[in-house]
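Novice: Heads up, the numbering used here is the position in the sequence shown plus 407, with the first residue counted as 1.
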Amino acid sequence: SQAKRKKSRASKVTKLDKEFMAIDDILLADLISRKEHEIRYNSVHEQLGGLIIEALLPIAVESIARAIKKKRASK
């Protein structure tokens, strides 16, 4: 039963996953549009890049903090 719980947790799509999927969809649609019509660089890419960084920064900071705690605990 514990394995089932872990599996169900792992398969859930988080809010962050949905945001990344939406950003990916927008970037892919824009890329296809640019290839078809030779549209130049769009400022949407900067905004979406900012959203990606904004979403990943707290995850990175938390991971680094956990690694530091783990390293200190092992000493």
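Idealized CB from N, CA, C, for every residue including glycine.
#1: Does the separation of the CB atoms of A462 and L423 fall below 7 Å?
#2: What would DSSP say about S481, mapped onto helix, strand or coil?
#3: Please report the straight-line C-alpha distance between L455 and L434, rounded to a whole angstrom.
#4: Can you tell which of I471, L438, G457, D437 has the C-alpha that lies nearest to the C-alpha of E426?
Specialist: With the given structure in hand:
#1: yes
#2: Correct three-state label for S481: helix.
#3: Those two C-alpha atoms are separated by around 8 Å.
#4: G457
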